[in-house]
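The opening residue of the sequence shown carries number 149 in the working numbering; numbering runs sequentially from there.
Backbone N, C-alpha and C define an ideal beta-carbon position, used for all residues, glycine too.
Note that the structure is a prediction, hence the values are computed from the model and not measured.
Read through the structure below, which is laid out as structure tokens, and then see the notes.
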Amino acid sequence: MRNARTQAFRQAPWRILRQSAGSTLLGLVALLLVAGMYLAVSARLAAAGRVLLDLEDRRAELIRETTRLGAQLADLTSPERMVERAASMGFRPAHPKDTEYIVIEGYVEPEGFRAPPPIGSPVQPSGGLSPAYTETLAEWVIRVVAQLRGGR
């Protein structure tokens with residue numbers, strides 16, 4: 149009787165084979181999906197890398213062109229070339245006797261450039277600053293010590 153019970157619950161061999169084949173196919177399909185996604189991402193990454201290389205080549209080409217044009221501009225605007233071009237157009241250097249000055253009524257000449265004093269020259273405090281902002285730390289310490297000694 150016990151033997152009959154185990155036979156009643158045992159599955160058919162074709163069912164076991166079908167379940168294992170289904171599980172294997174499911175794993176294979178999942179593996180193929182992951183491989184396909186990896187391939188798609190790799191293809192997009194390779195295409196983006198190629199575009200990046202093309203852009204870097206274009207950038208290098210533009211830098212070379214900019215450098216070449218800058219050198220050409222420097223050559224065309226060099227003083228020697230400018231003098232040659234001016235002479236070929238009929239210009240000549242101006243002499244003081246050829247210069248005519250015009251006086252304009254009401255024109256106020258701008259104040260001239262005043263260079264800062266040299267580094268080694270003595271510094272004179274400006275009149276607008278308080279003495280508290282013009283004394284050094286050593287001068288302040290000497291003044292405070294003198295006040296303390298004189299106050300006693």
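Item, Value
"Express the C-alpha separation of R233 and P241 in angstroms, rounding to a whole number.", "13 Å"
"Check I211 in the structure and name its three-state DSSP category.", "helix"
"Below 8 Å on the Cβ atoms is my contact criterion, and I expect A223 with R229 to pass it. Report the Cβ-Cβ distance as a whole number of Å.", "Reading the sequence as shown, one finds Asp at residue 223 and not Ala. D223 to R229, Cβ: 7 Å. Contact."
"Pick helix, strand or coil for T172, following the three-state DSSP scheme.", "helix"
"Looking at the unbroken alpha helix (DSSP H) that takes in E228, where does it start and where does it end?", "P227 to S236"
"What is the DSSP secondary structure of Y281, counted as helix, strand or coil?", "helix"
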